[in-house]
Amino acid sequence: MTCLNKVAMAPPSSDHKRPHTPSSFCFSSLNLVWFLLVPSTVFFLVSTLAPHRPSISPLSSLLQVSFSNNSLQLQGSSIFNGSSIDSSFQLEAETDYFVSNMPFPDAIIEKHTIQLDMSKNNESKPVVDVTLKIVKKNSKLERNEANLARVRSSIKQAALVRNLTSTHQDPDYVPHGPIYRNANAFHMSYLEMEKVFKIYVYKEGEPPIFHNGPCRSIYSSEGRFIHELEKGNFYTTKDPDEALVYFLPFSVVMLVHYLYEPETSNTDAIGRTVVDYIDVISGKYPYWNRSLGADHFMLSCHDWGPRTSSYVPHLFHKSIRVLCNANTSEGFNPSKDASFPEINLLTGEVEGLLGGPSPSHRSILAFFAGRLHGYIRYLLLNEWKDKRDPDVQVFDQLPKEVSYMSKLKNSRFCLCPSGYEVASPRIVEAIYAECVPVLISDSYVPPFSDVLNWKSFSIQVAVKDIPNIKEILMGVSQRQYLRMQRRVKQVQRHFVVNATPKRYDVFHMINHSIWLRRLNIHIRDFHQS
1 MTCLNKVAMA PPSSDHKRPH TPSSFCFSSL NLVWFLLVPS TVFFLVSTLA
51 PHRPSISPLS SLLQVSFSNN SLQLQGSSIF NGSSIDSSFQ LEAETDYFVS
101 NMPFPDAIIE KHTIQLDMSK NNESKPVVDV TLKIVKKNSK LERNEANLAR
151 VRSSIKQAAL VRNLTSTHQD PDYVPHGPIY RNANAFHMSY LEMEKVFKIY
201 VYKEGEPPIF HNGPCRSIYS SEGRFIHELE KGNFYTTKDP DEALVYFLPF
251 SVVMLVHYLY EPETSNTDAI GRTVVDYIDV ISGKYPYWNR SLGADHFMLS
301 CHDWGPRTSS YVPHLFHKSI RVLCNANTSE GFNPSKDASF PEINLLTGEV
351 EGLLGGPSPS HRSILAFFAG RLHGYIRYLL LNEWKDKRDP DVQVFDQLPK
401 EVSYMSKLKN SRFCLCPSGY EVASPRIVEA IYAECVPVLI SDSYVPPFSD
451 VLNWKSFSIQ VAVKDIPNIK EILMGVSQRQ YLRMQRRVKQ VQRHFVVNAT
501 PKRYDVFHMI NHSIWLRRLN IHIRDFHQS
């Protein structure tokens with residue numbers, strides 16, 4: 001029996017000790033004991049053996065925070081996709097607060113319900129109905145949830161500060177400027193993550209498919225993250241009861257490499273492996289069943305990440321899926337899934353990739369070089385490859401004597417069209433080269449877009465406007481371009497891969513995206529539903 005179940009199961013026999021009475025009363029006392037003991041025992045067995053449904057507060061029932069430069073936004077349908085909330089929308093939120101005169105581990109207050117009536121001027125008018133329930137013996141899950149409630153409150157308060165610069169002290173970096181939706185809220189959230197966030201990595205599974213991944217390829221983002229978690233130097237815990245999230249340590253790249261049958265195009269072996277793994281960990285541990293997978297996450301930079309997750313419905317619909325292929329038309333849900341960047345590290349290092357000439361020494365307006373992968377690239381190559389325009393240089397293959405990196409670093413704008421799938425390593429290549437990225441895609445959610453204001457440091461061109469790329473980019477004033485280029489240099493720190501992760505780099509930003517998704521759910525013990 002785990003501590004999660006103990007809170008609802010007090011021993012039924014503690015109040016039924018046999019009294020010390022004269023022998024003449026023995027028979028009647030014995031009847032009384034049986035009369036009291038049998039019903040309570042039956043009730044105990046029924047309540048213990050009856051199936052309990054896992055309880056998890058749905059995303060729409062929590063105060064969901066979007067980091068905005070202007071205000072704290074509460075969004076119902078999607079937390080981080082930037083959609084506005086309807087003026088008549090009402091959000092019922094469950095959150096936890098603390099008993100002021102008792103220490104945090106000893107007491108929490110549950111089920112404080114707030115209804116926010118969003119008026120036309122976006123001012124919220126809370127109507128509060130408070131029900132206090134003091135719990136003196138908390139499970140670790142209850143303590144975790146109470147702590148997360150405190151964190152949510154602190155982030156919401158931080159989001160009310162509309163300065164472009166965070167008000168919090170930090171020896172390494174203070175977020176500032178319009179590259180952030182809300183610098184103060186992000187900074188508060190990041191600092192809280194460093195103090196509170198704990199990940200449990202399931203030990204089941206053997207390399208090379210599990211606990212392993214590529215570190216020198218277009219899929220290096222996947223491999224580097226898996227290896228850093230396996231080292232156990234950041235965020236991980238060996239106590240699963242202490243964890244806030246649980247990592248499913250399979251590599252989709254490795255699943256495809258070892259199990260895919262290209263001659264038959266059969267992916268069933270990949271699906272069976274994932275299904276079997278979930279069966280193993282859900283049978284051995286209580287955590288998957290407790291939340292139906294909502295506090296579990298997988299991570300994949302392979303195009304088939306979404307397809308792989310679809311073999312387990314709860315993994316697809318409820319778990320946190322951290323994907324390079326963040327395509328909303330294929331089921332990517334920004335309120336629970338996280339987008340992370342595709343980074344092509346052929347050597348495994350970033351030396352020589354960072355930096356570039358000043359804007360005045362960049363003679364090319366826009367540049368792209370890449371093979372024909374997918375419909376969007378077909379449109380781009382078909383429109384621009386044969387024009388030989390000195391301003392918009394588009395190649396399917398560069399001449400041997402021409403350096404790809406040199407072209408990137410001498411361009412003002414770098415075109416980043418989607419390939420067969422929406423993600424492209426050219427986005428990070430552009431940021432590394434301090435070239436303003438031009439995103440050309442449909443249904444793509446850029447990395448860390450819950451925190452970063454992509455419009456401040458990138459250009460987004462609709463697929464239908466590919467013929468107008470030169471006109472669009474020539475329409476960017478010199479002053480605006482210089483601002484955007486400076487912001488690209490600033491945002492670069494969030495995409496850099498370090499041999500040993502450094503604060504605010506890509507490893508920590510990926511974890512922050514997972515942390516935000518965990519903040520948006522509230523998990524209860526089986527016996528509290």
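Residue numbers for the sequence shown follow full-length UniProt numbering, so the first one is 1 and each next one is one higher.
A virtual CB, placed ideally from N, CA and C, is assigned to each residue, including glycine.
Note that the structure is predicted; figures quoted are calculated from it, not measured.
Query                                                                                                                                                                         : Result
Residues in the same chain with beta-carbon distance under 8 Å from residue 396, minus the five sequence neighbours each way, listed in chain order, please.                  : 369, 370, 371, 372, 381, 385
Per DSSP, which residues does residue 414 bridge with? Please list them.                                                                                                      : 367, 437
If you follow the beta strand (DSSP E) that residue 524 is in, where does it begin and where does it stop?                                                                    : 522 to 524
Who are residue 266's beta bridge partners in DSSP?                                                                                                                           : 261
Under the DSSP definition of a beta bridge, which residues are partnered with residue 247?                                                                                    : 201, 297
Relative to the C-alpha of residue 174, which candidate in 494, 525, 213 has its C-alpha closest?                                                                             : 494
Go ahead and label residue 127 buried or exposed: buried means 16 or more other beta carbons lie within 10 angstroms of its beta carbon, across all protein chains shown.     : Bear in mind that the predicted position of residue 127 carries a pLDDT of just 42, short of 50, making it unreliable; the figure below should be weighed with that in mind. Result: exposed.
From the DSSP output, which residues share a beta bridge with residue 395?                                                                                                    : 369
Mapping DSSP to helix, strand and coil, what is residue 317?                                                                                                                  : helix
Whose CA, out of 500, 457, 165, 413, lies closest to the CA of residue 474?                                                                                                   : 413
Indicate the three-state DSSP secondary structure (helix, strand or coil) for residue 159 in the structure shown.                                                             : helix
Does any CB atom of chain E fall closer than 8 Å to the CB of residue 482?                                                                                                    : Within the model displayed, chain E is absent; a lone protein chain is all it includes.
Return the bridge partner residues of residue 322 from the DSSP annotation.                                                                                                   : 299, 338
If we ignore side chains and look at the alpha-carbon of each, how far apart do residue 524 and residue 338 end up?                                                           : 23 Å
Relative to the C-alpha of residue 205, which residue among 288, 521, 277 is closest?                                                                                         : 277
Tell me the residue span of the alpha helix (DSSP H) that contains residue 480.                                                                                               : 478 to 491
Quick test of your reading: residue 248 and residue 298, contact by CB under 8 Å. State the CB separation rounded to the nearest angstrom.                                    : 5 Å
Can you tell which of 451, 521, 517 has the C-alpha that lies nearest to the C-alpha of residue 182?                                                                          : 451
So, do the region 325 to 343 and the region 505 to 522 have three or more beta carbon pairs nearer to each other than 8 Å?                                                    : yes
Does the separation of the CB atoms of residue 461 and residue 431 fall below 8 Å?                                                                                            : no
Thinking just about the alpha-carbon of each residue, which of 244, 292, 315 is nearest to the one in residue 193?                                                            : 244
Assign residue 507 to one of three DSSP states: helix, strand, or coil.                                                                                                       : helix
Leaving out the 5 sequence neighbours to the left and right, which residues in its chain are closer than 6 Å to residue 428 when beta-carbon positions are compared?          : 341, 343, 495
Cutting at 8 Å between CB atoms, please list the residues of its own chain near residue 163, excluding the five before and the five after it.                                 : 183, 184
If contacts are defined as beta-carbon pairs under 8 Å, then residue 275 and residue 311 qualify, I think. What distance do you get, rounded to the angstrom?                 : 5 Å
I need the DSSP call for residue 327, collapsed to helix, strand or coil.                                                                                                     : strand
Note down the Cα distance separating residue 229 from residue 201, rounded to an integer number of angstroms.                                                                 : 8 Å
Where does residue 464 land, buried or exposed, given buried means 16+ other C-beta within 10 angstroms?                                                                      : exposed
Who does residue 461 pair with in a DSSP beta bridge?                                                                                                                         : 440
Would you tell me roughly how many angstroms separate the C-alpha atoms of residue 392 and residue 363, rounded to the nearest one?                                           : 11 Å
Tell whether a beta-carbon distance below 8 Å holds between residue 178 and residue 456.                                                                                      : yes
Look up residue 180 in the DSSP assignment and give the residues it is bridged to.                                                                                            : 452
Enumerate in chain order the residues of its own chain whose CB-to-CB distance from residue 346 is below 8 Å, with the five nearest sequence positions on each side excluded. : 216, 217
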